[in-house]
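The structure under discussion appears below in the form of structure tokens.
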Amino acid sequence: MSLSVQAPLPGRVLALADVPDPVFAGQMVGSGVAIEPARDRGALDVLAPISGKILKLHPHAFVILGSAGGGVLVHLGIDTVKLKGEGFTLLAAEGDEVDAGDPVVRFDPTEIDGTGYSAVCPIVVMDSKPDSVSTDTIGSDVTTGDVLFAWAAQ
């Protein structure tokens, strides 16, 4: 099984080790990368990085289970669960079938900046082995829909 994961939002790609959260930085949730969101566009529609079913949907995070298996978590900001949904708009519902590129959540990273929380967005393959995704996009700028990384079950 393998997944090609698209960038769910525009910004600069960071290594998970650079995420200001030990759970993501330590790849305890899974392997992946993070995106420091673009700030010049106002509110961003965060899109499904893969096609599949929305397994979990919170204002600050969602998991999509791919049709061939493999779940991808998109987490919007760090500790943003403490905002209790404020600043986030759901554009889809838990249980929806989505195609890669379908809108799931809208948020404005500059509003998150104003709360004192980090707006960095980890994108990880759930329960994958550490360092199991290609990370050749780290340090580059991505546009929504660009290939962010590939992952193959090991």
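First residue of the sequence shown: 1, per the UniProt record's numbering; consecutive thereafter. The beta-carbon is built from N, C-alpha and C at its ideal position, and this holds for glycine as well. This structure is a prediction, so every number in the text was calculated from the model and none was measured.
Cβ contact (3+ pairs, closer than 8 Å) linking the stretch 111–123 and the stretch 78–93: The stretch 111–123, when compared against the stretch 78–93, does touch it at the 8 Å Cβ threshold.
Backbone secondary structure at Leu76 - three-state DSSP: Residue mapping note: residue 76 aligns to position 76 of the sequence shown, counting from 1. Leu76: coil per DSSP, three-state reduction.
Residue burial classification, Ala34 (beta-carbon count within 10 angstroms, cutoff 16): By 1-based counting over the sequence shown, the position of residue 34 is 34. Burial call: buried.
Ser140 classed as buried or exposed, judged by whether at least 16 other C-beta atoms fall within 10 angstroms: Position 140 of the sequence shown, counted from the start, is the residue given in the question as residue 140. A residue is called buried once 16 or more other Cβ atoms fall within 10 Å of its Cβ, and Ser140, having fewer, is exposed.
Given 8 Å, three or more beta-carbon pairs between the stretch 38–49 and the stretch 7–20: Touching, yes.
Span separating the alpha-carbon of Thr110 from that of Ala38: Within the sequence shown, the letter at position 110 stands for residue 110. Within the sequence shown, the letter at position 38 stands for residue 38. Near 9 Å, if we compare the C-alpha coordinates of Ala38 and Thr110.
Inter-residue spacing [alpha-carbon to alpha-carbon] between Pro20 and Asp96: In the sequence shown, residue 20 corresponds to position 20, counting from 1. In the sequence shown, residue 96 corresponds to position 96, counting from 1. Each residue's alpha carbon lies about 31 Å from the other.
Beta-carbon proximity check, Ser31 vs Val124, cutoff 8 Å: If you number the sequence shown from 1, residue 31 lands on position 31. If you number the sequence shown from 1, residue 124 lands on position 124. It is a contact, given that the beta carbons lie within the stated cut-off.
Proximity winner among Leu148, Gly101, Asp127 and Asp79, relative to Pro22 (alpha-carbon distances): On the sequence shown, position 22 is the one that residue 22 refers to. When only C-alpha atoms are compared, the closest one is Asp79.
Through-space distance from Thr135 to Ala150, alpha-carbon basis: As a first step, residue 150 must be located in the sequence shown, where it is residue number 150. As a first step, residue 135 must be located in the sequence shown, where it is residue number 135. Straight across, the Cα-Cα distance linking Ala150 with Thr135 is about 8 Å.
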